[in-house]
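Beneath this line is the structure, given in structure tokens, with notes to follow.
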Amino acid sequence: MSAVEPEKDVLHVVGGRPLNGTIKVRGAKNLVSKAMVAALLAPGRSVLKNVPEIRDVQVVSDLLRLHGVSVDVNGDTGEVAIDAHHVEMPAVSDVETLSGASRIPILFSGPLLHRLGEAFIPSLGGCRIGDRPIDFHLETLRKLGADVDKEHEDGIHITAPHGLQGAKIHLPYPSVGATEQTILAAVLAEGKTELSGAAVEPEIMDLIAILQKMGAVISVDVDRTIRIEGVRELKGYTHTALTDRIEVASWASAALATRGDVFVKGATQPEMMTFLNIYRKVGGEFDVTDEGIHFWHPGGDLHAVALETDVHPGFMTDWQQPLVVALTQAKGLSIVHETVYENRFGFTKPLVDMGATIQLYKECLGSLPCRFKQHNFEHSAVIFGPTPLAGQDIDVPDLRGGFSHLIAALAAQGESSVHGISLIDRGYADFRGKLAALGAGID
Ligand code: EPU
1 MSAVEPEKDV LHVVGGRPLN GTIKVRGAKN LVSKAMVAAL LAPGRSVLKN VPEIRDVQVV
61 SDLLRLHGVS VDVNGDTGEV AIDAHHVEMP AVSDVETLSG ASRIPILFSG PLLHRLGEAF
121 IPSLGGCRIG DRPIDFHLET LRKLGADVDK EHEDGIHITA PHGLQGAKIH LPYPSVGATE
181 QTILAAVLAE GKTELSGAAV EPEIMDLIAI LQKMGAVISV DVDRTIRIEG VRELKGYTHT
241 ALTDRIEVAS WASAALATRG DVFVKGATQP EMMTFLNIYR KVGGEFDVTD EGIHFWHPGG
301 DLHAVALETD VHPGFMTDWQ QPLVVALTQA KGLSIVHETV YENRFGFTKP LVDMGATIQL
361 YKECLGSLPC RFKQHNFEHS AVIFGPTPLA GQDIDVPDLR GGFSHLIAAL AAQGESSVHG
421 ISLIDRGYAD FRGKLAALGA GID
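Under the UniProt record's numbering, the first residue of the sequence shown carries the number 1, and numbering increases by one thereafter.
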């Protein structure tokens, strides 16, 4: 996607109107991009369904095409067909054009090592919500037998002169990306891999389901150990991506913050249970149907809550930001302890400028074990509500923070200008169309 001119990259919002209506949410951003990478493992044709039209899909498509893979994206039907019969090493200068676009390219490492014996990974992008190192990824690749050369300014060159071999790997923290890295690299490695301390997010389980369709042998134990028995070859897959539970929670929070009523078609209950429990405690109503989940504000006061973000099955860090906006409208003191990212409360400053009362703390305001204890990160928040919000000029800081600012602008009295709005295209397909369908005052 080409850069948007700054003066056009703005959304004007007239707030104070409840969002009412129906929208449809497609597959999870944090699954589809990885499912597309998985297609690289097989010299065959794969079809992924329920794919949203978001920028991460374009970035992964571009990187696949640079490697000689054919990618056919049908935005209307949500189907992506990938033919990876042919894979080739692109020019480093071409790969470098994708530097900073996304975090997904690091996951190309294992599949490219299997198909080509080498990989050049461009510098990573993604939201600035903490340091976001890739040490676990590189350690995993080394343990499986890869040589990692970080000398390049705009990327990392990785080789596996003797192929990849299964290994015992332990993750110091259940990282989603490092778990996916291990699985994608180990499925075609020689021998068995045992990954302990793994993440078990629903998107990872869906990726494992795809790999099983392709011919992989992977088991998941309740103690977060994932065992992968390397196989010699994999074949293409056909799969319907699971729904984006972050997008669902974002619209659910928007319904609450604007005192609205939103039916989210495509939303499914099992991956949302932890969110739904908190939604109910806050005072939001919901009704689960075969077609989706209906979320609404029942009138009266919302209630303050205390919550801590955590890896699955805990309360997702990506649910935190949109819900915090709704908590500014709840009666009393809400407490949020962020334990996944050290720097995910930067988005609260504009909320305070709009009239919210939010105080950040470096202490752990909760009981979960937290890596940020005794460090200098403001990773706990106390929100006092309800406070009326007033329209403002806002700069979108990152994907989830940006969508949260949009929710705040919709809930606020008066007009807001939200700048840098195209950042939200990374993860929210057609959000302008969906806002219009819900009766938002936008142009
Ligand atoms: N970490 C390390 N070293 C590593 C990898 C991770 O220290 O090598 C740390 C991170 O700094 C972070 C924690 O481990 O503090 C968790 O990071 P994780 O690796 O789980 O995150 P990720 O794979 O980079 C994915 C999602 C994020 C989501 C997190 C947590 C994708 C593309 N991104 O990131 O989604 O917040 O898992 O669930 O799947 C988003 O969609 O807006 C988003 C940020």
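Note that beta-carbon positions come from the ideal geometry of N, C-alpha and C, so glycine has one too.
All figures in this text were calculated on a predicted structure; none of them were measured in a lab.
Quick check on DSSP: helix, strand or coil for Thr348? Indexing the sequence shown from 1 puts residue 348 at position 348. Looking at Thr348 - three-state DSSP - the assignment turns out to be helix.
With Thr348 and Ala381 assumed to form a contact (beta carbons below 8 Å), what rounded beta-carbon distance in angstroms separates them? Your numbering for residue 348 matches position 348 in the sequence shown. Your numbering for residue 381 matches position 381 in the sequence shown. About 6 Å separates the two Cβ atoms, so the contact holds.
Going straight from the alpha carbon of Val14 to that of Asp72, what length do you get? Position 14 of the sequence shown, counting from 1, holds the residue named residue 14. Position 72 of the sequence shown, counting from 1, holds the residue named residue 72. In a straight line, the C-alpha of Val14 is about 38 Å away from that of Asp72.
Excluding five sequence neighbours on each side, which residues of the same chain lie with their C-beta closer than 7 Å to the C-beta of Leu399? In the sequence shown, residue 399 corresponds to position 399, counting from 1. Within the same chain, Leu399 has close Cβ partners Cys127, Leu423, Ile424, Arg426, Gly427.
Short of 7 Å in beta carbon distance, which residues of its chain neighbour Ala255, apart from the five on each side in sequence? Order them along the chain. Stepping through the sequence shown from its first residue, residue 255 is reached at position 255. If we look at Ala255 and ignore the five residues flanking it on each side, its Cβ neighbours are Leu19, Asp261, Val262, Phe295, Trp296, His297.
Say yes only if the C-beta of Asn30 is nearer than 7 Å to one or more non-hydrogen atoms of the ligand EPU, and no if none qualify. As a working mapping, residue 30 is identified with position 30 in the sequence shown. Indeed, a heavy atom of the ligand EPU lies less than 7 Å from the Cβ.
Spatial neighbours of Gln212 in its chain, beta-carbon cut-off 7 Å, leaving aside the 5 residues before and after: Sequence index remark: in the sequence shown, residue 212 carries index 212 (1-based). Contacts found: Ile218.
Do Asp393 and His419 have their CB atoms nearer than 8 Å? Position 393 of the sequence shown, counted from the first residue, corresponds to residue 393. Position 419 of the sequence shown, counted from the first residue, corresponds to residue 419. The answer is yes: Cβ separation under 8 Å.
Kindly indicate the opening and closing residues of the alpha helix (DSSP H) around His137. Start at 1 with the first residue of the sequence shown, and residue 137 comes out as number 137. From DSSP, the alpha helix (DSSP H) with His137 extends over 135 to 143.
Kindly indicate which three-state DSSP category Gly15 falls into: helix, strand or coil? Your numbering for residue 15 matches position 15 in the sequence shown. Coil.
I'd like the list of long-range same chain contacts for Ser2, defined as Cβ closer than 6 Å, with 5 residues on each side in sequence excluded. As a working note, residue 2 is residue 2 in the sequence shown. Confidence in Ser2 is poor, its pLDDT being 47 and thus under 50, which makes the residue's placement unreliable; the coordinate value appears in the next sentence. Result list for Ser2: empty, nothing under 6 Å.
Residues near His86 in its chain [Cβ-Cβ closer than 6 Å; skip 5 each side]: Here residue 86 refers to the residue found at position 86 of the sequence shown. For His86, where only same-chain residues beyond five positions count, the Cβ hits under 6 Å are Gly68.
Tell me, please, whether the stretch 401 to 416 touches the stretch 308 to 328 by the rule of three or more beta-carbon pairs shorter than 8 Å. yes
Any heavy atom of the ligand EPU within a distance shorter than 7 Å of the CB on Ile278? Position 278 of the sequence shown holds residue 278. Answer for Ile278: no, Cβ out of range of the ligand EPU.
Does Asn343 come out as helix, strand or coil in the three-state DSSP assignment? Mapped onto the sequence shown, residue 343 falls at position 343. In this structure, Asn343 counts as coil in the three-state DSSP scheme.
Per-residue burial, Leu368 [other beta carbons within 10 Å of its own, 16 or more giving buried]: Within the sequence shown, numbered from 1, the residue matching residue 368 stands at position 368. Exposed, since its Cβ has fewer than 16 Cβ neighbours within 10 Å.
Whose CA, out of Ile23, Asn74, Glu7, lies closest to the CA of Gly433? Translated into the one-based positions of the sequence shown, residue 433 becomes position 433. Of the candidates Ile23, Asn74, Glu7, the one whose C-alpha sits nearest the C-alpha of Gly433 is Ile23.
Are the CB atoms of Thr339 and Glu308 nearer to each other than 8 Å? As a working mapping, residue 339 is identified with position 339 in the sequence shown. As a working mapping, residue 308 is identified with position 308 in the sequence shown. Their beta carbons are under 8 Å apart, which means Thr339 touches Glu308 by this criterion.
Cβ neighbours of Asp9 in the same chain (closer than 8 Å, five flanking residues each side left out): The sequence position of residue 9 within the sequence shown is 9, counting from 1. Excluding sequence neighbours, Asp9 sits near His419, Gly420, Ile421, Ser422.
Buried or exposed by the 16-neighbour rule on C-beta atoms within 10 Å, applied to Pro133: Indexing the sequence shown from 1 puts residue 133 at position 133. By the neighbour-count rule (16 or more Cβ atoms within 10 Å), Pro133 is not buried but exposed.
With DSSP as the reference, label Ile407 as helix, strand or coil. In the sequence shown, residue 407 corresponds to position 407, counting from 1. Here Ile407 sits in helix by DSSP.
Could you tell me the distance, in whole angstroms, from the CA atom of Thr274 to the CA atom of Ile104? Position 274 of the sequence shown holds residue 274. Position 104 of the sequence shown holds residue 104. Taking the straight line from one Cα to the other gives about 26 Å.
Quick check on the DSSP output: the alpha helix (DSSP H) that includes Phe372 runs from which residue to which? Taking the sequence shown and counting its residues from 1, the one referred to as residue 372 is at position 372. Note, Phe372: premise wrong, no alpha helix (DSSP H); not H, not E.
Measure the Cβ-Cβ separation of Ala119 and Leu112 and say whether it is below 8 Å. What you label residue 119 is simply residue 119 of the sequence shown in a count that begins at 1. What you label residue 112 is simply residue 112 of the sequence shown in a count that begins at 1. Yes, they are a contact pair.
Following a CB-centred definition, is Ala198 positioned closer than 7 Å to any heavy atom of the ligand EPU? For the purposes of this step, residue 198 is taken as the residue at position 198 of the sequence shown. No, the Cβ of Ala198 stays beyond 7 Å of every heavy atom of the ligand EPU.
Identity of the residues DSSP links to Ala306 by a beta bridge: Looking up residue 306 in the sequence shown gives position 306. DSSP output for Ala306 lists Ile335 as bridge partner(s).
Looking at the secondary structure, which residues open and close the beta strand (DSSP E) in which Asp395 lies? Residue numbering aside, residue 395 sits at position 395 when the sequence shown is read from its first letter. Per DSSP, Asp395 belongs to the beta strand (DSSP E) from 393 to 395.
Simplified DSSP assignment, three categories, for Met1: Along the sequence shown, one-based indexing puts residue 1 at 1. Any answer about Met1 is weak, because its pLDDT of 42 lies below 50 and its placement is not dependable; what the coordinates show is given next. Looking at Met1 - three-state DSSP - the assignment turns out to be coil, as it is neither helix nor strand.
Can you tell me where the alpha helix (DSSP H) with Ser33 in it begins and where it stops? Residue mapping note: residue 33 aligns to position 33 of the sequence shown, counting from 1. Segment 29 to 38, the alpha helix (DSSP H) holding Ser33.
With Gly163 and Ile121 assumed to form a contact (beta carbons below 8 Å), what rounded beta-carbon distance in angstroms separates them? Indexing the sequence shown from 1 puts residue 163 at position 163. Indexing the sequence shown from 1 puts residue 121 at position 121. Going by Cβ atoms, the distance from Gly163 to Ile121 rounds to 19 Å, so no, they are not a contact pair.
Could you give the distance in angstroms between the alpha-carbon of Asn50 and the alpha-carbon of Gly346? Residue numbering aside, residue 50 sits at position 50 when the sequence shown is read from its first letter. Residue numbering aside, residue 346 sits at position 346 when the sequence shown is read from its first letter. Approximately 32 Å, taken between the alpha carbons.
Rounded to whole angstroms, what's the CA-CA distance from Gly75 to Phe431? Just pull it up for me. Here residue 75 is taken as the residue at index 75 of the sequence shown, counted from 1. Here residue 431 is taken as the residue at index 431 of the sequence shown, counted from 1. Each residue's Cα considered, the two are about 15 Å apart.
Could you tell me which of Glu53, Val59, Ala252 sits nearest to Tyr279, measuring between CA atoms? Within the sequence shown, the letter at position 279 stands for residue 279. Closest option to Tyr279, Cα to Cα, is Ala252.
Who are the Cβ neighbours of Lys281 in its own chain at under 6 Å, not counting the five residues just before and after it? Reading the sequence shown from its first residue, position 281 is the one you call residue 281. Excluding residues within five positions, the ones whose Cβ falls inside 6 Å are Val305.
For Lys150, collect the residues of the same chain with a Cβ closer than 7 Å to its Cβ; drop the 5 residues on either side in sequence, then sort them by chain order. As a first step, residue 150 must be located in the sequence shown, where it is residue number 150. Only Ile156 meet the Cβ criterion.
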